[in-house]
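As C-alpha cells, the structure follows; a few thoughts come after it.
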Amino acid sequence: MSTDAQAFVKEIPSKSEQFSDWYTAVCLKAELADYSPVRGCMVIRPYGYALWEGMQRWLDERFKATGHVTAYFPLFVPESLLKKEAEHVEGFAPDCAWVTHGGAEELAERLAVRPTSEAIIMPMYAKWIQSYRDLPLLLLQWNSVVRWEKATRLFLRTTEFLWHEGHTAHATLEDADQECLTILDIYRQLLEDVLAIPVLVGRKPASEKFAGADWTYTLEALMPDRQAIQAGTSHFLGQNFAKAFGVKFLDRDNTEKFVWTTSWAVSTRLIGALIMAHGDDRGLGLPPRIAPIQVVIVPILGKQPEQALAAARVFSERLGKVARVRLDDRDEYTPGWKFNEWEMRGVPIRLEIGPRDVAAKAAVMVKRTGGGKVTVSWDGIEQAVLTALDEVQRAYFDRAKAFLADHTVEAATFEQLEEAIRERRGFVRTGWCQAQACEDLIRERTGASPRVIPLDDEPDGECLACGKPSTAIVYYARAY
RNA sequence: CGGGGAGUGGCGCAGCUUGGUUUAGCGCGCAGCGUUCGGGACGCUGAGGCCGGGGGUUCAAAUCCCCCCUCCCCGACCA
Numbered sequence: 003m004s005t006d007a008q009a010f011v012k013e014i015p016s017k018s019e020q021f022s023d024w025y026t027a028v029c030l031k032a033e034l035a036d037y038s039p040v041r042g043c044m045v046i047r048p049y050g051y052a053l054w055e056g057m058q059r060w061l062d063e064r065f066k067a068t069g070h071v072t073a074y075f076p077l078f079v080p081e082s083l084l085k086k087e088a089e090h091v092e093g094f095a096p097d098c099a100w101v102t103h104g105g106a107e108e109l110a111e112r113l114a115v116r117p118t119s120e121a122i123i124m125p126m127y128a129k130w131i132q133s134y135r136d137l138p139l140l141l142l143q144w145n146s147v148v149r150w151e152k153a154t155r156l157f158l159r160t161t162e163f164l165w166h167e168g169h170t171a172h173a174t175l176e177d178a179d180q181e182c183l184t185i186l187d188i189y190r191q192l193l194e195d196v197l198a199i200p201v202l203v204g205r206k207p208a209s210e211k212f213a214g215a216d217w218t219y220t221l222e223a224l225m226p227d228r229q230a231i232q233a234g235t236s237h238f239l240g241q242n243f244a245k246a247f248g249v250k251f252l253d254r255d256n257t258e259k260f261v262w263t264t265s266w267a268v269s270t271r272l273i274g275a276l277i278m279a280h281g282d283d284r285g286l287g288l289p290p291r292i293a294p295i296q297v298v299i300v301p302i303l304g305k306q307p308e309q310a311l312a313a314a315r316v317f318s319e320r321l322g323k324v325a326r327v328r329l330d331d332r333d334e335y336t337p338g339w340k341f342n343e344w345e346m347r348g349v350p351i352r353l354e355i356g357p358r359d360v361a362a363k364a365a366v367m368v369k370r371t372g373g374g375k376v377t378v379s380w381d382g383i384e385q386a387v388l389t390a391l392d393e394v395q396r397a398y399f400d401r402a403k404a405f406l407a408d409h410t411v412e413a414a415t416f417e418q419l420e421e422a423i424r425e426r427r428g429f430v431r432t433g434w435c436q437a438q439a440c441e442d443l444i445r446e447r448t449g450a451s452p453r454v455i456p457l458d459d460e461p462d463g464e465c466l467a468c469g470k471p472s473t474a475i476v477y478y479a480r481a482y
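Just so you know, we're using the working numbering here: the first sequence kicks off at 3 and counts up by one.
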C-alpha cells in the first residue's frame, strides 16, 4: 500500500528538480487543460476554466465600477485595416493566421484572425465619436486572439488564447494616461489580492512596448524557476491609432482633435502563473479567493456511513452559505485517495467527518498550505473555516512575497549583473541611462532583458553598460 | 527556428538492436459482483489495441528504409 502511494506521488515530477515537467504534469493531472488535435492549441477543461471565470467575475465587477462597458467586435481583421498603423502591422502581421477563402471562393482581400483588436475597433470609434461629449469611450471585450507561435506551452503560450482587451478613447493625454494607471492598479489587485502573486509595477522599456503604443505599463511576476513573467499590460497608445484611423472629435473650443487611446489586457496566461507560483510536489495550490472549490468535505464512511454522511451534508449546506464547498460522498474511493486527489487539485481546506467526529461533535480540518490536522467543533465551524481560508490566502501571498524578496538582487557592476543572470538569481535591479545601445549590449552579453522600470523608484547610480549617470532604475531577468 | 527526446488499449511503459512462438505483453485505470473505508484498499470475473499517418523493402513489418504530423525538454523570439 505504501509502495503504491509512493509510485503515485512519483507521477508528478519534483517541482524543484524538474520544473517544466512538473508544470505540465500538474496541468494535465489536475485536469486544468489538455492537448487538442490542433497544433499549438489547448483545451481548457472545466476546472481550469473555472479559474478563468473567477478572474472574469472579479475583473468585470471592477471594470463596471470604473465605468467600462462590454462590447464585442469581429474575429476577422481585413489586411488593409491591420496595415494602417505602421508599427502595429510590423509587430503583429508576421504572426497572424490568415483567412484566404470563403467556401470555395478566394477572397479579394485576405482577413487576419485578430492577434489583437485595435485595427478592427478603431474604424468603429471613428464612426461613433464626434464630440468631446462622446468621450471618454470606455469599452472592453472578452474574446480570444490568435498568434501563430512557433513554440507553445499550456496556458503560458498557445496559438489561440483567451483574454479581455480594453479599448478606451479620451479627450486628453492626461485622461488616457490616468486610464492606463487605473487599469494597471486593478490588475495589480487581481494579482496580489486574489491570485496571491506579488508583482513589480512599472513601465516597459521602449524596446518591449506594445507595437503601436507610445508606452506600455506592465506587471512583472517572478516564477519559481526565477524567470519573470509579464502578468498584465496597459498601453498608452497616444494618438497613433487615432491618426492612422482618423478618430477625431470636436472639442469644447470648436477645434477638431485626435482622440487619445489606450488598450489593456490580461490573458489566460495568468492561470499558468498561478499554477507555477503556488503548486508543490503534491500538485496544485490555489489561493482561496480564486479556488473554484474552497472547502472539500470528505466523510469517512466505514461500516455505518449514515451518521457521518448526514453530518457532512449538514456542514455542506451550512458552509455553502459562506464558501464554495464540495461534498465528496463518492463511495468508490477511500478517504486517503480523496485526500490526495483534492490536494493535487489544490483545494485550500479539507474537512474530514467520521464516526469519531460525530461522537465528539467535531470535524478535522486540514489546510493545503500545511500545519497538519486540527479538530474544530461544530459550533462556529463557519468562522473556523473562514479564518482558515484567510490564513491560507495570506500564507500563499507571504510565501510568494518572501520568494520575490529573496530573489531580487542589486547589481552595481556589469560583472555582477552578468553573474546574477547567469546564476538565475531572479530580478536584478540596476541603474540605466535608457540608451538603446546599452540595453542591446546587456541583452547580448547576458541573455537578460529589461523587464520593468518601476514607477516609484528614483534613479541612482550609473548605467552599467556605459557608466553615465542613470536616468532610470530597471529590473533585468530572464523572461517567459 | 536550432539542439535533443518521444508517439504501442484511458494513463504509464516493455517489446524494436538481431523482422517470424507475440494470438502484441505488463502495471494502473475502467465495467460487474462481493468485501472494505481516519493518508492513494482487496478478491474474483470481464471489456478494451488496424502499434501517430502515408509510402516503400520483404514470403512476412510495432520491429528495417523514406516522407509527413504531433507532443515533450533545452536554447533564440512573442500575452
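Beta carbons are placed, not taken as given, at the ideal position from N, Cα and C, and that holds for glycine.
Just list the residues that DSSP pairs A364 with in beta bridges. S379
Could you pull out every residue in the same chain whose Cβ sits closer than 6 Å to the Cβ of R149, ignoring the five residues on either side in sequence? D97, P117
Would you report the Cα separation of Y487 and L142, rounded to the nearest angstrom? Outside the displayed span of the chain (3 to 482) sits residue 487, for which this structure offers no information.
Do Q309 and P350 come within 8 Å of each other at the CB atom, strictly closer than that value? no
Got a sec, what are the start and stop residues for the beta strand (DSSP E) P80 sits in? 78 to 80
Would you check if the segment 110 to 129 and the segment 246 to 261 touch, i.e. whether three or more CB-CB distances between them fall below 8 Å? yes
Cutoff 8 Å; reference R284; Cβ partners in own chain excluding five residues on either side: V11, I14, N342, E345, M346
Of the choices A153, I185, A178, T174, whose alpha-carbon is the least far from that of H166? I185
Using the Cα positions of R396 and Q191, report the straight-line distance between them to the nearest angstrom. 14 Å
Does the beta-carbon of N256 have 16 or more other beta-carbons within 10 angstroms, so that it is buried, or is it exposed? exposed
What distance in whole Å lies between the Cβ atoms of P290 and E441, which are believed to be in contact at a cut-off of 8 Å? About 41 Å; that fails the 8 Å criterion.
Are G274 and F405 close, meaning C-beta to C-beta below 8 Å? no
Expressed to the nearest angstrom, what Euclidean distance is found between the alpha-carbon atoms of E87 and A215? 10 Å
Starting from Q191, trace the alpha helix (DSSP H) both ways and give me its first and last residue. 175 to 191
Of the residues G281, V201, W266, which one's Cα is nearest the Cα of C182? W266
My understanding is that R228 touches Y219, with C-beta atoms under 8 Å, so please give their C-beta distance in whole angstroms. The Cβ separation is near 23 Å, so there is no contact.
Q438 to S451, Cα distance in whole Å? 12 Å
Please classify R336 as buried or exposed, where buried requires at least 16 neighbouring CB atoms within 10 angstroms. According to the sequence displayed, residue 336 carries Thr and not Arg. The residue in question, T336, is exposed, as its Cβ has fewer than 16 Cβ neighbours within 10 Å.
How would you call A362, buried or exposed, if buried means at least 16 neighbouring beta carbons within 10 angstroms? exposed
Who pairs with D36 in a beta bridge, going by DSSP? V45
How many angstroms separate the CA atom of T235 from the CA atom of T264? 11 Å
Rounded straight-line distance, which links the Cα of R326 to that of P48: 16 Å
Put A153 into one of helix, strand or coil per three-state DSSP. coil
Run through DSSP, which three-state label would Q385 get? helix
Quick check on this structure: which residue in D330, L272, S269 has the alpha carbon closest to the alpha carbon of I299? D330
When you compare only the Cα positions, how much space is there between L175 and N242? 12 Å
What are the residues that DSSP puts in a beta bridge with D282? G285
Residue interval of the alpha helix (DSSP H) (run including P125): 120 to 130
Going by the DSSP bridge assignment, what does S236 pair with across the sheet? Y219, W266
Rounded C-beta distance between L466 and A413? I'm assuming under 8 Å. 6 Å
Is it buried or exposed for E334, if we count other Cβ within 10 angstroms and need 16 for buried? exposed
C-beta contact flag for G428 and A474 at 8 Å: no
Using CA coordinates, which residue listed in I355, W24, V45, D195 is at the minimum distance from D392? D195
With R328 as the anchor, note down where its beta strand (DSSP E) starts and where it stops. 327 to 329
Within 10 angstroms of its Cβ, does E120 collect 16 or more other Cβ (buried), or is it exposed? buried
Option in W24, G287, L83, F416 with minimal Cα separation from R447: F416
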